[in-house]
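The sequence shown begins at 10 in this note's numbering and counts up one residue at a time. Where a beta carbon is used, it is the ideal one built from N, C-alpha and C, also for glycine. Please read all numbers here as calculations on a predicted model, not as lab measurements. Down below is the structure, laid out as C-alpha cells.
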Amino acid sequence: MAVRQNAALHLAPLSIRVALGLIFLYYGAGKVFFDDFELSMEQEAALGSMGVLEARPGGPQPPAPIDAEGDTRSAPTSFELIRVQDGGEDIAPAEIGETGEGSEPAAEEPEEVEAAPEEAVAAAADTASDDFEPRSVRRLYGLAFPINAAAQRGHWPDFASSGVWLRGLAWAAGVTEFVGGFFILLGGFTRLWAMSIVGTMVVACFLTQISPWIGEPNAYLGLLPPWPLDIKPDDDPPSWVKNYQTLFFQLIIAAAAMTVFLSGPGAFSVDRLIFGGGSRKSSTQQGAEPG
C-alpha cells in the first residue's frame, strides 16, 4: 500500500508534468520563435485592419475608414477605375457616359459603362494576386483571427480585439505556453504555471469551439459543434470524431493541468529542492503506530 501511495504522490505528478511540459514547449516555441506562418492576401489585409501588422510597400492595404456619413474617402471613383482599365490614359467625360452630338448611340454606351468598373476591379485584383508576395509572420499572430471573430459576434470585448491589446494577447498566449511548459517540466513554481495553462486552455476552448457555434441552428445544445447523426462510411476521419477532437484535446490538457495544480509537483521537482517538503506518512503507517 505504501508503495502505491508514494507512486501516486510523486510519480503520477511527474508523468503528467513531463507530458504537459513537452506539449507546451513544442507549441509555445513554435508560436514565439518561428515566423513561417505564411499569410494569404486576405489574411494580411485582415491583420492590417485589426492593427496587428503594419502595411508594407506593395502589400495589401487595410480597408479605408468610413466616416459618419458612410463615405469611404479613398474609394476609387468610376472615372479612376476606367483609367485603370484603359492603362492610365485620361478619358473624356463623353466617353464615360455623357453623350453629345456625334457620340455613339446611347443604347450601346450604358452596357460598356456598367461593365467597365467591374472588369477594372477584376483586372486589378488579378494583377495584384499575380504580383503578391506572401508575407511570413510569427505563428502566434494566427491567434488574432479567432479573437477578432469572437468580438464581432459579441463574445469578446471590443477594446481587446484590435491594436495593442490584440497583439499583447497573442504574445501573452505564446509566451505563457512556452515559459509555462518549461517551468512545469522542471517543476518550478508549478501551481502558478499549471493554473496559467488551465486559463489558456479554457480561453482557447471558448474561442475556437464554443463561440463560433453559440446561437447557430445546427449547434449541439446551442453552443457546441454539431453532433452528426448521419455517419458516412467514406469520412476520414469520421465527422463525429473530427468535430470534437480539438475540443476533447483542450479539455484533457486543462484537466491535466488542474490535476498538477491540485496535487503539486511531486518529489522530483525544483519546487521540492527549493522549498522542501515534510515527509508525509501514509494513513496506513499512521494507523499502525501505537496511540
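Measure how close the beta-carbons of residue i and residue j come, nearest whole angstrom, since I'm counting them as under 8 Å.
i, j, result
"G190", "I25", "Rounded, the Cβ-Cβ distance is 13 Å, inconsistent with contact."
"G183", "G37", "6 Å"
"T255", "T217", "7 Å"
"L152", "G60", "That pair is no contact at about 15 Å."
"R147", "V12", "In fact, because the Cβ distance is near 47 Å, the residues do not count as touching under 8 Å."
"G273", "R162", "That belief does not hold up - the Cβ atoms of G273 and R162 are roughly 39 Å apart, past 8 Å."
Let me confirm a value: residue i is counted as buried when at least 16 other C-beta atoms fall within 10 Å, else exposed. Which label applies?
i, result
"T86", "Model confidence at T86 stands at a pLDDT of 37, short of 50, so the residue's coordinates are unreliable; what they give is reported in the following sentence. With fewer than 16 Cβ atoms within 10 Å of its Cβ, T86 is classed as exposed."
"D243", "exposed"
"K1", "This structure cannot settle anything about residue 1, because the visible part of the chain is limited to 10 through 300."
"L230", "exposed"
"Q52", "buried"
"G172", "exposed"
"I156", "buried"
"P246", "exposed"
"P66", "exposed"
"W236", "exposed"
"P226", "exposed"
"L20", "exposed"
"S220", "buried"
"G57", "buried"
"S49", "exposed"
"D280", "buried"
"F168", "exposed"
"G79", "In this predicted model, G79 has a pLDDT of only 45, less than 50, meaning its place in the structure is not dependable; the value taken from the coordinates is given anyway. Looking at its Cβ environment, which holds fewer than 16 other Cβ atoms inside 10 Å, G79 is exposed."
"A64", "exposed"
"A16", "exposed"
"I75", "Confidence in I75 is poor, its pLDDT being 45 and thus under 50, which makes the residue's placement unreliable; the coordinate value appears in the next sentence. I75 is exposed by the Cβ-count criterion."
"Q94", "Confidence in Q94 is poor, its pLDDT being 41 and thus under 50, which makes the residue's placement unreliable; the coordinate value appears in the next sentence. Its Cβ being crowded by 16 or more others within 10 Å, Q94 is buried."
Return the residue from the list the options that minimises the CA-CA distance to residue i.
i, options, result
"Y35", "V61, L149 and T199", "L149"
"F277", "A55, V27, R13 and Q14", "V27"
"A213", "A228, G197, L260 and V188", "L260"
"I206", "L178, I193, W180 and I283", "I193"
"P69", "F141, D44 and P234", "F141"
"I262", "A160, A203 and G224", "A203"
"L270", "G163, P237, L18 and V12", "The sequence given here has Phe at residue 270, not Leu. It is L18."
"F43", "R13, S145, G177 and G197", "S145"
"F258", "M50, E186 and M210", "M210"
"P143", "R162, F46 and D280", "F46"
"F284", "G196, P226, F215 and A266", "G196"
"I223", "V41, A159 and G39", "A159"
"L62", "A179, P166, A11 and S248", "A179"
"W165", "F215, R147, R281 and R13", "F215"
"G275", "R13, S170, V12 and L23", "L23"
"A264", "A54, G208 and A55", "G208"
"G39", "V188, S272, Y253 and A228", "V188"
"F9", "L282, A228, A54 and A16", "Outside the modelled stretch of the chain, which goes from 10 to 300, sits residue 9, for which no answer is possible."
"F154", "A55, A266 and A64", "A55"
"Y253", "A266, P234 and T268", "P234"
Based on DSSP bridge pairs, tell me the residues matched to residue i.
i, result
"L178", "Answer is none; L178 lacks a bridge partner."
"V146", "F46"
"Y229", "L233"
Can you confirm whether residue i, when its beta carbon is compared against all beta carbons of chain B, has any partner nearer than 8 Å?
i, result
"R65", "Any reference to chain B falls outside this structure, which holds one protein chain only."
| Sequence ranges, alpha helix (DSSP H) only - wholly within the segment 14 to 46, length at least 4 | 21 to 42
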